[in-house]
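Student: Dropping the structure in here first, questions after.
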Amino acid sequence: MDISFIDKRLEGIYSKVLNKSRLSKEDGIYIYETHDLIGLGQVANHVRRSLHGNKAFYIYNQHLNYTNVCKNRCRFCAYARDRKEKGAYTWSIEEIEKRLLERIDEPVNELHIVGGLNEDLSFDYFIDLLKTVKKVRPNATIKAFTSVEIDYLSTLAGLSIEQTIQQLKQAGLEMMPGGGAEILNSRIHKELFPRKIGHERWLEIVKAVHKAGIKTNATMLYGHIETIEERVDHLITLRQLQDETHGFSAFIPLAFHSENTKLAHIPPTTAVDDLKNVAAARLLLDNFDHIKAYWVMIGEKLAQVALSFGADDLDGTIIEERITHMAGAKSAKGLTKEQMEEMITKAGFEPVERDSFYNSINSS
Amino acid sequence: MDKLHKIIEKINVNERIDINEGLKLFRQADFLTLASLANRKRFYYHPDKIVTYVVDRNINYTNICASGCRFCAFFVTHDMGQGYIISKQDLFDKIQETLRLGGTQILLQGGMHPHLDLDYYIDLLTYIKENFDIHIHGFSPPEIDFIAKKSSLSIEKTLSILKKAGLSSIPGGGAEILCDEIRQKVSPNKCSSEEWLEVMRQAHMQGMRSSATMMFGHIEKDFHIFEHMDKLRNLQDETHGFTAFIPWTFQPDNTKILVNKKTAVEYLRVLAMSRLFFDNIDNIQASWVTQGDKIAQTALFFGANDMGSTMIEENVVASAGVDFMLSKEEVTRLITKAGFEPCQRDCYYNLL
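Listed in order, the protein sequences are those of chains U and L. So for the first sequence, my numbering puts the first residue at 13; every next one is plus one. So for the second sequence, my numbering puts the first residue at 19; every next one is plus one.
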């Protein structure tokens with residue numbers, strides 16, 4: 013396809029893409045610097061379409077955030093509470109069962125389960141949690157726990173990472189989300205989330221999880237104090253690990269929301285930055301199958317636009333998103349299947365309802 | 019060469035495209051192809067990386083309206099008892115605040131109030147002009163048409179009286195879709211499309227500039243959008259009085275038309291087509307009021323070169339359940355972050 017770029021420097025990147033040669037760090041930085049948003053979008057769209065044609069994926073899912081009590085208290089988080097703090101909550105296994113049963117008539121295909129590091133919970137709680145979910149929803153995939161939680165659970169259990177993963181897997185864990193990566197960089201780690209595991213540990217755990225045959229996603233929290241170079245390094249680090257394990261399924265750029273956090277002075281990300289992050293991910297992560305436009309964070313409208321800037325997946329219907337909304341997200345808390353399909357169709361794509369592993373679900 | 023390619027060629031050599039060509043491109047071209055064409059056209063008309071905005075306030079002098087349009091969530095009828103006519107004190111305070119916040123104009127619109135006559139409007143304009151040095155952008159064509167009919171005066175005479183009393187320019191509202199088969203269904207009591215265009219023709223001939231709008235996403239079909247733009251383009255060939263075109267999407271909450279809201283991609287496609295279709299209207303305005311800050315910023319790459327007003331106050335769209343707010347600081351931040359240079363402008367798109 014011919015693209016007439018306003019920014020001629022993108023021609024070099026496009027010809028690399030056409031020759032299937034890997035983009036360099038400098039290319040990555042330039043992707044963020046260019047003001048030719050449409051030219052960049054066209055290059056990313058070319059890659060997206062050569063991988064997925066006209067398809068755009070979504071999943072019918074449910075989020076379960078089992079507790080907001082967290083000992084890490086990262087500076088960018090509006091969701092966490094201390095044990096005794098007002099608004100702190102932890103769901104009992106019975107409550108989790110109740111929440112699942114409330115929506116048992118809906119065709120939920122995936123349960124996305126993440127929570128804080130709550131010192132009142134034992135390892136048994138997590139095993140019970142997984143078993144209960146599997147009992148109530150035997151046909152839905154359990155996608156649960158970030159590397160941060162896995163690290164914490166291994167200490168709770170007094171087991172190695174490998175043993176911890178095995179136990180969780182036996183109890184029903186089938187996939188892992190990509191959270192907790194933030195920016196894989198020690199400067200950001202020190203400034204924003206010093207009590208959370210650092211990037212070496214995050215990568216080590218993901219590697220172990222992939223080795224155990226469990227697929228994970230990967231994320232990047234952008235729009236706080238990170239530099240463009242740090243974003244590109246983050247993406248390249250993920251690309252290297254993917255070369256080694258091939259265990260990543262999708263990459264999800266996460267737009268930082270500052271309201272009610274200790275970084276409330278930082279203004280929200282703008283659309284151009286959101287779209288560039290989608291395009292940059294699509295172009296740099298040449299060994300990732302899927303790039304998500306997470307509508308909760310960038311809004312439904314821009315997520316729809318992002319389908320033409322490199323994204324092939326709108327994530328899920330969700331219902332009751334909690335974490336980003338605590339930080340002032342203006343998006344809906346959930347979307348219906350019809351809304352998802354309409355967004356995709358009206359953007360000129362073919363909606364494909366998928367399961368956790370991107371198999372199409374032919375529900376009538 | 020296929021037909022679509024021929025249309026694109028025409029655009030590339032800056033030839034005018036007709037309704038059918040526009041429609042074909044709109045229906046068949048890929049989203050980013052439209053964006054790329056519109057973006058290049060935008061830089062053809064405005065080579066500088068400047069994006070303009072105006073600081074003003076919407077003042078709705080009344081919410082009582084005899085028109086009863088089916089798409090409107092703002093109006094009340096005279097009998098409902100929740101109506102208001104703005105007091106002089108409120109008007110004074112609102113304008114004073116506008117000037118204090120760096121505003122240069124007010125957008126003064128009604129309600130087509132059944133009991134107000136020409137003297138009321140003359141008094142309103144005179145009062146403002148006696149107290150303030152501010153540009154009055156006021157009375158959309160349906161209001162002018164309504165006032166003229168009520169006073170048994172010609173459009174020409176009505177406009178010259180209002181102009182003399184202080185009216186400087188006319189907003190392009192009330193155009194909705196300029197096809198009578200649509201107007202009869204969504205706004206049967208409002209002026210016809212020919213009457214709307216006639217008010218603008220007369221205003222332009224008297225030296226008053228105006229904007230032009232289009233509200234789409236209700237019951238119209240895609241060809242109505244192009245008929246609408248074609249009528250505006252023809253009038254512009256005649257008068258050169260339009261400063262800008264502003265398409266925006268119908269907001270269905272609290273109205274009598276039950277449809278799904280147009281999505282962002284559909285809005286951006288229409289916006290891009292407007293930049294490609296109007297070879298004689300200088301400016302295309304993004305609608306953050308209906309689209310929100312993210313899509314308004316994205317629109318700067320789909321043909322728009324103006325962010326509209328910071329709107330210290332907006333009531334009409336807010337009544338239909340949409341209340342995006344943008345401060346001057348936020349508007350300039352969005353423009354800068356998109357790689358453009360923000361510039362405050364006046365009603366005539368002169369940089370301030």
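For glycine and all other residues, C-beta sits at the position ideal for the given N, C-alpha and C.
If you measure beta-carbon to beta-carbon, which residues of the region 33 to 47 of chain U are closer than 7 Å to chain L?
Tutor: Of all residues in the region 33 to 47 of chain U, HIS47 have a Cβ within less than 7 Å of some Cβ in chain L.
Student: Strictly by DSSP, which residues pair up with TRP266 of chain L?
Tutor: Along the second sequence, read from residue 1 onward, the residue named residue 266 of chain L stands at position 248. Its beta-bridge partners are L:MET233.
Student: So, helix, strand or coil for VAL221 of chain U, using DSSP?
Tutor: Looking up residue 221 of chain U in the first sequence gives position 209. Three-state result, VAL221 of chain U: helix.
Student: Would the beta-carbon of GLU365 of chain U fall within 8 Å of that of ILE373 of chain U?
Tutor: For the purposes of this step, residue 365 of chain U is taken as the residue at position 353 of the first sequence. For the purposes of this step, residue 373 of chain U is taken as the residue at position 361 of the first sequence. It is a contact, given that the beta carbons lie within the stated cut-off.
Student: Check the Cβ of MET309 of chain U against every Cβ in chain L and list those closer than 9 Å, keeping chain order.
Tutor: Translated into the one-based positions of the first sequence, residue 309 of chain U becomes position 297. Residues of chain L passing the Cβ test: none, with the nearest at roughly 11 Å.
Student: Within the chosen definition, does the region 73 to 84 of chain U reach the region 123 to 143 of chain U through at least 3 CB pairs nearer than 8 Å?
Tutor: As far as the Cβ criterion goes, the region 73 to 84 of chain U touches the region 123 to 143 of chain U, which means the pair count is three or higher.
Student: Beta-carbon within less than 7 Å of ILE68 of chain L's beta-carbon, same chain only, minus the 5 sequence neighbours each way: which residues are those?
Tutor: On the second sequence, residue 68 of chain L is found 50 positions in, with the first residue counted as 1. For ILE68 of chain L, where only same-chain residues beyond five positions count, the Cβ hits under 7 Å are PHE358, GLU359, CYS361.
Student: For ALA183 of chain L, which residues in the same chain have their Cβ closer than 6 Å to its Cβ, ignoring the five residues on either side in sequence?
Tutor: Against the second sequence, residue 183 of chain L aligns to sequence position 165. The answer, listed in chain order, is ILE140, LEU143, THR144.
Student: Just checking: is the beta-carbon of GLN179 of chain U within a distance shorter than 8 Å of some beta-carbon in chain L?
Tutor: Sequence index remark: in the first sequence, residue 179 of chain U carries index 167 (1-based). For GLN179 of chain U, the answer is no, since every Cβ of chain L falls outside 8 Å of its Cβ.
Student: With 9 Å as the limit, tell me which residues of the region 104 to 134 of chain L have their beta carbon closer than that to any beta carbon of chain U; keep them in chain order.
Tutor: Those would be none; no residue qualifies.
Student: If we define contact as Cβ-Cβ less than 8 Å, is VAL283 of chain L a contact residue for chain U?
Tutor: Position 265 of the second sequence, counted from the start, is the residue given in the question as residue 283 of chain L. Closer than 8 Å to some Cβ of chain U, the Cβ of VAL283 of chain L qualifies, so yes.
Student: Is there a Cβ of chain L sitting closer than 8 Å to that of LEU314 of chain U, yes or no?
Tutor: Against the first sequence, residue 314 of chain U aligns to sequence position 302. For LEU314 of chain U, the answer is yes, since a Cβ of chain L falls inside 8 Å of its Cβ.
Student: How long is the line joining the alpha carbons of ASP151 of chain L and ILE113 of chain L, rounded to whole angstroms?
Tutor: Working through the second sequence from its first residue, we reach residue 151 of chain L at position 133. Working through the second sequence from its first residue, we reach residue 113 of chain L at position 95. Their Cα atoms are separated by approximately 10 Å.
Student: List, in chain order, every chain U residue whose beta-carbon is nearer than 9 Å to that of VAL305 of chain L.
Tutor: Position 287 of the second sequence, counted from the first residue, corresponds to residue 305 of chain L. Correcting the residue type first, residue 305 of chain L is Ser in the shown sequence and not Val. Neighbours of SER305 of chain L on chain U: none; closest Cβ ~12 Å, over 9 Å.
Student: Using a Cβ-Cβ cutoff of less than 6 Å, which residues in the same chain neighbour GLY397 of chain U once the five nearest sequence positions on both sides are dropped?
Tutor: This structure leaves residue 397 of chain U out entirely; chain U is present only between 13 and 376.
Student: When you compare the CB positions of VAL160 of chain U and ILE209 of chain U, do they come within less than 8 Å of one another, or not?
Tutor: Taking the first sequence and counting its residues from 1, the one referred to as residue 160 of chain U is at position 148. Taking the first sequence and counting its residues from 1, the one referred to as residue 209 of chain U is at position 197. Yes, the Cβ-Cβ distance between VAL160 of chain U and ILE209 of chain U is below 8 Å.
Student: Which whole-angstrom value describes the C-beta separation of GLY311 of chain U and ILE330 of chain U, a residue pair presumed to lie in contact below a C-beta threshold of 8 Å?
Tutor: Taking the first residue of the first sequence as 1, we reach residue 311 of chain U at position 299. Taking the first residue of the first sequence as 1, we reach residue 330 of chain U at position 318. 14 Å between Cβ atoms; not a contact.
Student: Taking the DSSP output, what are the residues bridged to TYR72 of chain U?
Tutor: Within the first sequence, residue 72 of chain U is the residue found at index 60, counting from 1. Paired residues: none, contrary to the question.
Student: By Cβ distance, which residues of its chain are closer than 6 Å to ILE335 of chain U, with the 5 residues on each side in sequence left out?
Tutor: If you number the first sequence from 1, residue 335 of chain U lands on position 323. Once the five neighbours on either side are set aside, the close Cβ partners of ILE335 of chain U are TYR91.
Student: Buried or exposed for GLY184 of chain U, please, with buried defined as at least 16 other CB atoms from any protein chain shown within 10 angstroms of its CB.
Tutor: Residue numbering aside, residue 184 of chain U sits at position 172 when the first sequence is read from its first letter. Counting Cβ neighbours within 10 Å, GLY184 of chain U comes out buried, since at least 16 surround it.
Student: Of the choices L:ILE25, L:ASP36, L:SER54, whose alpha-carbon is the least far from that of PHE319 of chain L?
Tutor: In the second sequence, residue 319 of chain L corresponds to position 301, counting from 1. Per the Cα distances, L:SER54.
Student: Mind the definition here: the region 63 to 71 of chain U touches the region 79 to 88 of chain U only if three or more C-beta pairs lie below 8 Å; say whether that holds.
Tutor: The answer is no - the region 79 to 88 of chain U does not touch the region 63 to 71 of chain U, with fewer than three Cβ pairs under 8 Å.
Student: Indicate the three-state DSSP secondary structure (helix, strand or coil) for GLY346 of chain U in the structure shown.
Tutor: Position 334 of the first sequence, counting from 1, holds the residue named residue 346 of chain U. In the structure shown, GLY346 of chain U sits in coil (DSSP, three-state: anything other than H, G, I, E or B).
Student: Quick one: which residues of the region 348 to 366 of chain U get their C-beta closer than 8 Å to a C-beta of chain L? List them in chain order.
Tutor: Cβ contacts with chain L: GLU354, MET355, LYS358, ALA359, GLY360.
Student: Can you give me, in chain order, the residues of the region 265 to 280 of chain U that have a beta carbon less than 7 Å from any beta carbon in chain L?
Tutor: So the close ones are PRO279.
Student: Would you mind telling me which residues of chain L sit closer than 8 Å to THR282 of chain U, beta carbon to beta carbon, in chain order?
Tutor: In the first sequence, residue 282 of chain U corresponds to position 270, counting from 1. Correct list: ASP311, LYS312, GLN315, ARG351, LEU352, LYS355, ALA356.
Student: Of all Cβ atoms in chain L, is any one closer than 8 Å to the Cβ of ASP285 of chain U?
Tutor: On the first sequence, position 273 is the one that residue 285 of chain U refers to. Chain L contact via Cβ: present.
Student: Please state whether DSSP places ALA262 of chain U in a helix, a strand or coil.
Tutor: Within the first sequence, numbered from 1, the residue matching residue 262 of chain U stands at position 250. In this structure, ALA262 of chain U counts as strand in the three-state DSSP scheme.
Student: Give me the chain U residues within the contact set of SER54 of chain L, using Cβ-Cβ distance strictly less than 8 Å, ordered along the chain.
Tutor: Position 36 of the second sequence, counted from the first residue, corresponds to residue 54 of chain L. Ordered by position in chain U, the residues that pass the 8 Å Cβ test against SER54 of chain L are ILE15, SER16, ILE50, GLY51, GLN54.
Student: By the criterion of Cβ-Cβ separation under 7 Å, what are the contact partners of LEU50 of chain L in chain U?
Tutor: What you label residue 50 of chain L is simply residue 32 of the second sequence in a count that begins at 1. Those are ILE50, GLY53, GLN54, ASN57, SER320, listed as they occur along chain U.
Student: Using three-state DSSP, classify GLY172 of chain U as helix, strand or coil.
Tutor: For the purposes of this step, residue 172 of chain U is identified with residue 160 of the first sequence, where counting begins at 1. One detail in the question is off: residue 172 of chain U reads as Ser in this sequence, not Gly. The answer is coil: DSSP assigns SER172 of chain U none of H, G, I, E or B.
Student: First and last residue of the beta strand (DSSP E) that includes HIS227 of chain U?
Tutor: Position 215 of the first sequence, counted from the start, is the residue given in the question as residue 227 of chain U. Here residue 227 of chain U is Lys; the residue named in the question, His, does not match the sequence. Unbroken beta strand (DSSP E) run through LYS227 of chain U: 227 to 234.
Student: If you run the structure through DSSP and keep just helix, strand and coil, what is SER178 of chain L?
Tutor: For the purposes of this step, residue 178 of chain L is taken as residue 160 along the second sequence, with counting starting at 1. Helix, per DSSP.
Student: Is the region 228 to 236 of chain U touching the region 275 to 282 of chain U, taking contact as three or more C-beta pairs under 8 Å?
Tutor: Cβ pair count under 8 Å is three or more, so yes.
Student: In terms of residues, what are the limits of the beta strand (DSSP E) holding ASN298 of chain L?
Tutor: On the second sequence, position 280 is the one that residue 298 of chain L refers to. From DSSP, ASN298 of chain L is part of no beta strand (DSSP E); its letter is neither H nor E.
Student: Answer yes or no: does any C-beta atom of chain U fall closer than 8 Å to that of LEU286 of chain L?
Tutor: Taking the first residue of the second sequence as 1, we reach residue 286 of chain L at position 268. So yes, LEU286 of chain L belongs to the interface.
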